[in-house]
Every structure is written in structure tokens, then in C-alpha cells.
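Numbering (our numbering), first residue to last: 109 to 498. Idealized CB from N, CA, C, for every residue including glycine. Remember, it's a predicted structure, so these values are computed and weren't measured experimentally.
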Amino acid sequence: MKRLFYEDAYISSWETYIENTETKDGKYYIVLSETAFYPEAGGQPSDSGTIDGIKVLDLLEKDGIIYHILDRMPENKYVKCEIDFQRRFDHMQQHSGQHILSSIFYNLYNGRTAGFHLGEDYVTIDIALPEISNEMIKNVEDKANERIYKNLEIKTYILNYEEALSHQLRKLPPSKDDIRIVEIENTDCTPCCGTHVKRTGEIEIIKILKAEKYKGMTRIYFKCGKRAFCDYQNKHNIVSNLNKILSCKEDEILERLNQKETLINELSVQLKKLKETLIDLEVSDIIRNTNKNIICKIYNDKNFDEIQRIAKSILEKGSYTILFLSVVDNRILLCHNGNFSTNCGFIFKENIKSFNGQGGGGEKQAQGGFKIREDAINFYEFLKEKILKC
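Here it is in C-alpha cells:
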């Protein structure tokens with residue numbers, strides 16, 4: 109089988125013969141006499157496209173043969189093949205950009221590339237360095253884009269094992285068979301089976317997005333070419349919207365956000381104090397207006413955390429059994445301070461499922477949640493009746 113993607117990575121359509129067909133699980137595994145469909149290998153995803161208008165579902169390489177997987181068989185033996193060249197060229201940009209980044213990390217900081225993944229949204233390389241500073245990232249990114257601006261030649265060729273060893277390769281050949289080399293002028297020389305652009309200028313731009321620690325190494329996230337351009341467009345739109353929202357220039361955004369964060373923190377502290385004051389008032393009002401040691405109440409305007417704090421404060425001031433329902437969260441709290449015979453957790457365990465709820469707890473406190481408000485109210489009324497009888 110002739111692999112056209114090695115002869116010319118820019119081929120997007122061609123005509124050829126079907127040499128062989130196998131069927132498996134209702135799918136057709138087609139072997140072409142020549143193909144430009146690149147199968148997934150070396151961190152680069154496979155191509156997509158059509159054979160006589162039929163979508164290629166997947167590609168499989170086995171024992172040196174590339175199988176094109178279709179859900180139906182072409183009518184003709186001589187077929188027209190087309191690949192999604194936009195996807196192919198994107199992969200070429202990303203893969204060639206990866207070689208440049210990997211070579212610069214290696215040459216500047218002795219950072220070997222231990223892993224490479226070309227995803228749908230971004231590309232990652234795992235650099236065998238435990239830590240990479242922001243200064244190092246900027247330095248690598250600057251030098252990588254300098255290589256692009258110089259529009260350097262990228263060429264591929266085959267060497268035998270002995271010949272390959274005589275070259276200054278970034279990494280050793282994976283086997284002693286003939287080896288395909290990808291060489292970027294005055295930049296990189298390494299074994300690779302992927303597809304690449306002809307000159308670095310076609311990569312257009314490399315942008316490193318972030319770096320994070322990964323298994324004792326550093327994982328670098330980046331985008332090249334159109335991906336990087338689209339990423340810039342999206343982020344530019346975000347910045348433009350922030351300019352309008354904050355009524356400031358680009359270089360003032362961080363300062364404005366810091367000011368707003370400070371204001372929010374100050375308001376949060378004030379709000380917390382106000383809530384604590386309101387809770388104290390609520391607790392005093394409840395205790396003042398009750399002549400029993402059982403307190404039952406439905407809250408339409410407080411969440412579960414707030415009713416818990418109210419209950420805790422009440423129990424600190426006397427001996428009570430408390431039943432609260434937060435309609436906001438559809439959650440129920442039943443608790444007491446140990447001076448009562450009611451086993452809160454047992455009551456919940458024995459009955460809550462009958463009301464389509466989930467929950468439980470211990471002897472002195474239990475809580476439960478419900479998807480439907482009506483179920484929560486019904487369980488609340490059930491508990492109210494039960495504890496009033498105790």
C-alpha cells in the first residue's frame with residue numbers, strides 16, 4: 109500500500125482501487141491500493157473524510173496495513189477519496205509547532221519531551237522538568253515564534269539506523285528499522301511518523317496557554333495556527349466586553365477587578381455581620397414567643413445553612429426540640445440538645461423514604477432532602493405530629 113501522506117502531506121483528493129475488503133460487526137474494513145488517510149499514530153489523530161461520498165468512520169493500522177472503516181460498501185471498485193483538509197492542515201500546524209517547542213525546551217533547558225497529545229481543542233507536551241517558570245515559558249514562546257517568522261524549511265526523509273545515529277537527533281530512533289526523520293532547518297531533527305507543513309511560516313503562531321505539574325514533570329498546553337488565532341479572537345472579545353462593563357482601558361482591567369474584589373470582600377463581611385444580627389433577633393423572637401419546648405417552623409426565605417445556625421443558637425439558650433423546614437432548599441432539620449427521648453436519626457431512617465426523601469443522622473440531630481417541595485412539606489407535617497405526641 110502506497111502512503112500518499114508521506115509523499116505529499118497536502119494531497120486532499122485522489123482516485124484509487126479497492127484492493128481488499130473485510131467485514132466485522134457490520135462494518136466494512138477497506139484496503140486501498142494507495143491512501144492519503146493518516147491513521148492515528150505518534151500522538152497525532154487520524155484523518156477524516158469520504159470514499160465515494162461515504163464517510164470514513166475510523167482508520168486502523170494493523171501489520172503495516174491501513175484499514176478504512178465504513179458503514180457501507182462503495183458500489184465501485186475504483187473510488188474517489190477525499191480527506192477533510194482543514195482538519196489535516198490543522199494537525200500539520202499543531203504537530204510542526206510541537207517539534208519547535210520541544211526542540212527549544214530541550215536546547216535551552218535540557219527539557220526532554222516525554223509525552224505528546226494532539227487534542228481537538230489544544231495540544232500538550234510533557235516536559236521532563238519538575239518545574240518551569242513563567243520566565244522560561246516566555247523565553248521558549250518568543251524563540252519558537254522567531255523560528256516561525258524566519259519561514260524555515262521543514263523536510264522529511266528516510267534513514268537507516270546507522271545513518272540516523274550519525275545525525276544530531278533530539279531523541280533516539282524507536283527501532284533499528286528504516287527511520288523517517290523530520291528536520292526543521294537550524295532548529296530540530298527527530299524521528300517522526302506524522303504529517304507536517306513545508307515551512308515554519310505556515311504554522312503562523314505558537315501560543316503557550318498554561319503549564320501544570322504532572323507526574324514529576326511539567327505539562328505544557330499550547331495552540332498553533334488557526335487555533336491560536338481563534339483563541340486570541342475569543343479572548344479579545346472577553347477583554348472588549350470587560351472594557352465596556354468596567355468602563356476602563358485594557359491596561360486598567362486588573363486594577364478595576366482588584367478594586368471590585370476588595371469591595372465585594374468588604375460587603376461580604378458586612379453582610380455576614382448583618383445576617384448574624386438577624387439570626388440573633390430571629391432566635392430571641394422565637395424564644396420570646398414560645399411557651400413550649402418544641403419549636404416547629406417553615407422558612408420560605410432562608411437556606412438550610414441559615415436554619416441550622418438558628419437552631420444551633422436556640423439550643424445554646426435552652427432545652428428544645430426543633431423542627432425546621434427550608435423551602436428554599438427543600439431540606440428538613442430535626443434536632444434537640446439531648447434532654448428528650450426523640451431519636452432523630454431513627455425517625456428519619458424509618459420514615460423518610462416513604463416521602464421520597466433521602467437523609468439520616470444521629471440521636472440528637474438528623475436532616476433530609478427532597479426533590480419535590482410537596483414531599484418535603486408532607487414529611488415536615490408527619491414529623492411535627494409525631495414529636496408533638498412525644
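Span of the alpha helix (DSSP H), counted from its first residue to its last, around residue i
i	result
S421	F412 to L423
Q206	F193 to Y217
K457	C452 to N459
E115	L112 to E115
R74	Coverage of the chain is limited to positions 109 through 498, which leaves residue 74 absent and any answer about it impossible.
K381	I361 to R396
V305	No alpha helix (DSSP H) holds V305; DSSP gives it neither H nor E.
Distance between residue j and residue i (C-alpha atoms, nearest Å)
i	j	result
A272	M244	30 Å
V248	S210	9 Å
T124	L350	54 Å
E270	N184	45 Å
Y175	R196	18 Å
I406	T429	15 Å
T502	L140	The displayed coordinates of the chain run from 109 to 498. Any statement about residue 502 would go beyond what the structure contains.
D286	L317	36 Å
L280	R364	52 Å
E291	L375	59 Å
I289	V187	32 Å
L267	C189	30 Å
G223	D296	17 Å
A419	F213	60 Å
R113	N242	Residue identity differs from the one stated: residue 113 is Phe in this sequence, not Arg. When rounded, the distance between both Cα atoms is 37 Å.
T129	A149	22 Å
S449	R417	23 Å
C404	L491	10 Å
V377	Q341	38 Å
T370	R481	38 Å
E293	E127	39 Å
Y257	K306	14 Å
K132	M181	12 Å
H275	E261	18 Å
G309	N259	4 Å
N253	A117	23 Å
E553	L389	The chain is shown only over 109 to 498; residue 553 falls outside these bounds and no answer can be derived.
I387	D483	27 Å
K425	H344	57 Å
S348	V435	41 Å
L379	K410	14 Å
S283	I240	31 Å
Y217	S120	39 Å
D179	T143	19 Å
D171	K246	43 Å
Start-to-end residues for the beta strand (DSSP E) that takes in residue i
i	result
S434	T429 to S434
F330	M325 to C332
E127	S121 to K132
D234	V231 to I235
L496	L496 -> not in any beta strand (DSSP E); alpha helix (DSSP H) instead, spanning R481 to K497.
K135	K135 to L140
T221	T221 to L226
L277	First-last for L277: undefined, no H or E at that position.
E261	Per DSSP, E261 belongs to no beta strand (DSSP E) and is neither H nor E.
C356	It is not in any beta strand (DSSP E) - C356 carries neither H nor E in the DSSP assignment.
R288	I287 to I292
E183	Run containing E183: none; DSSP gives neither H nor E here.
G469	G465 to G469
Y322	I314 to Y322
K405	I402 to Y407
F478	Q473 to F478
Whole-number beta carbon distance between residue j and residue i, since they are thought to touch under 8 Å
i	j	result
F478	N464	7 Å
L423	Y488	That belief does not hold up - the Cβ atoms of L423 and Y488 are roughly 19 Å apart, past 8 Å.
I95	I233	Since the first and last residues shown for the chain are 109 and 498, residue 95 lies out of range.
S427	N447	4 Å
G151	L237	That pair is no contact at about 19 Å.
I208	T221	Between T221 and I208 the Cβ distance is about 11 Å, and since that is not below 8 Å, they are no contact.
F456	G468	5 Å
S156	P147	Contact doesn't hold; Cβ gap of about 12 Å is too wide.
I402	I485	Going by Cβ atoms, the distance from I402 to I485 rounds to 18 Å, so no, they are not a contact pair.
I173	M109	6 Å
F412	D437	4 Å
Any non-hydrogen atom of the ligand ATP within 6 Å of residue i CB
i	result
E115	No copy of the ligand ATP occurs in the structure displayed, which carries no ligand at all.
Legend entry - Validate contact between the region 335-342 and the region 298-317 using beta carbons, cut 8 Å, 3 pairs: A contact exists between the region 335-342 and the region 298-317.
Legend entry - Length-filtered (3 minimum) beta strand (DSSP E) runs lying within the region 144-176: With a minimum length of 3 residues, the continuous beta strand (DSSP E) runs that stay inside the region 144-176 are 157-159 and 166-170.
Inset, instruction - Check whether the region 342-359 touches the region 391-403, taking contact to mean three or more Cβ pairs, one atom from each stretch, closer than 8 Å. - result: Contact fails: fewer than three Cβ-Cβ distances are below 8 Å.
Legend entry - Three or more C-beta pairs below 8 Å linking the region 287-306 and the region 318-328: Contact annotation: the region 287-306 does not touch the region 318-328, with fewer than three C-beta pairs closer than 8 Å.
Legend entry - Cβ pair count under 8 Å reaching 3, the region 429-449 against the region 473-488: Touching, yes, given that three or more Cβ pairs across the two stretches are closer than 8 Å.
Inset, instruction - Examine the Cβ distances between the region 165-172 and the region 189-206 and report whether three or more of them are shorter than 8 Å. - result: As far as the Cβ criterion goes, the region 165-172 does not touch the region 189-206, which means the pair count is below three.
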